[in-house]
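The structure appears right after this line, and notes come after that.
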Amino acid sequence: MSPDFLNISFPPLENFSSPILLSGFGMEEFLLIFFAGLGTMAVACQLVPGVLLFVSMVRSMYSCSRTEMEPSVKGVEQV
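Numbering (this note's numbering), first residue to last: 1317 to 1395.
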């Protein structure tokens, strides 16, 4: 007793692909990788000056803490 217009059937979609797909690689994956790489480079660029400052401080502390073990005898002839 159902009317005929309720029995609408659609053929299955074969070989359906999104127009955004580029050679099997989706635009969402591309954008995810792109922005992840961009964020990683930004974090690395912000960390480089801090790392260089830390290395400089450590080198400075190491050079100031060294003591010369040999006495300075300038101008004295040793026999």
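Idealized CB from N, CA, C, for every residue including glycine.
Three-way DSSP call (helix, strand, coil) for residue i in this model
i	result
GLY1366	helix
GLY1342	coil
Contact set for residue i: own chain, Cβ-Cβ below 6 angstroms, skip 5 residues either direction
i	result
ILE1349	none
Same chain, Cβ closer than 8 angstroms to residue i, neighbours up to 5 away in sequence not counted
i	result
LEU1347	none
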